[in-house]
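Here's the structure we're looking at; comments come further down.
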Amino acid sequence: MNPTGLGIVHISLLPGFVCRTDQRITDLSDIQQRLVAALVLGDRPLRRGELAARLWPDAPPDRAGARLRQTLWRLNQATDGGLLRVSHTTVALADHVEVDYRAAARLIAAESGAVGAAMATAMAGEDRLPQAWSVLRHPLLNDWDDDWLVPFQEKWKVQRVQTLERLAERFLQRRQHAAVLELADAATQADPLREAPRRIAVQSCLFVGEVADAHRRYRGYQELLSAELGVAPSGAIPQLLRQDRERQLALAAEF
């Protein structure tokens, strides 16, 4: 609960920055947005000097500190003091603030253990994946190119692609074809040159008899690798296609 009485404050970084209070969007300036994003990604109270240096790397420390104080004051005015927890030395988000990126990070951590396996089992019977997992589709602050942000963006990309692949593999074991394709295609969109989600999607197509779609997906991947890198895929997907062809011929020979 927000002690200011303003209701729930929610920050979204996936795929772009949005600040909402009880579903009402709060308009923040670019530098205010970046300050909030830095606090989210720091995942701890940041010292004022560290925060100022991150946001104004080319400014002298005293000038950066003055700009930070001004930005904090304006941000508190814009949010009626409901967003930040500020001391003489540190700045942090208030405890009641909800953040989609942090929620997604917790899902990723849970998915890697027994809790994640239980979640995936429960999800397998649903027609659609829970909305909570949809954040894994999105890049982090996609339209920002700040130098300090790049390591966070790259780490998030790797984490979400790996998580999407693991979930797709689990749904593959349960023959949940629609969910497999949803997850594998999301991983492919994030990293088009990565082979694992392509292989998972092809394997799922073969399981359900969508042979033409399996071959179409493989040909598309072949063409992309050839155009982008001048290389061919590994033998993993062709082996799947050959094994399926051999099974089909063996079944035909029985009749």
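Residue numbers (the numbering used here): 2 to 256.
Heads up, the beta-carbon is just placed ideally off N, CA and C, and yes, glycines get one too.
- Beta-bridge partners assigned by DSSP to His11: Arg21, Glu99.
- Contact between the region 141-159 and the region 196-207 is absent, with fewer than three C-beta pairs closer than 8 Å.
- According to the DSSP secondary-structure assignment, Ala93 is paired through a beta bridge with Arg86.
- Taking a 10 Å sphere around the C-beta of Val232, we find fewer than 16 other C-beta atoms and assign the residue as exposed.
- Note on geometry: alpha-carbon atoms of Ile12 and Arg64 lie some 28 Å from one another.
- Secondary structure in the region 206-246: the alpha helix (DSSP H) runs of 4 residues or longer, each lying completely within the stretch, are 212-230 in chain order.
- Here Gln204 is buried: its Cβ has 16 or more other Cβ atoms, across all protein chains shown, within 10 Å.
- Excluding the 5 residues flanking it on each side, Leu207 has same chain C-beta neighbours closer than 6 Å at Ala215, Asp245, in chain order.
- Taking 8 Å as the cut-off, the Cβ atoms of Val159 and Ala169 do not count as close.
- If you ignore the 5 residues before and after Asp147, its C-beta comes within less than 8 Å of the C-beta of Arg35, all in its own chain and listed in chain order.
- Taking the CA atoms as reference points, Thr72 sits about 15 Å from His89.
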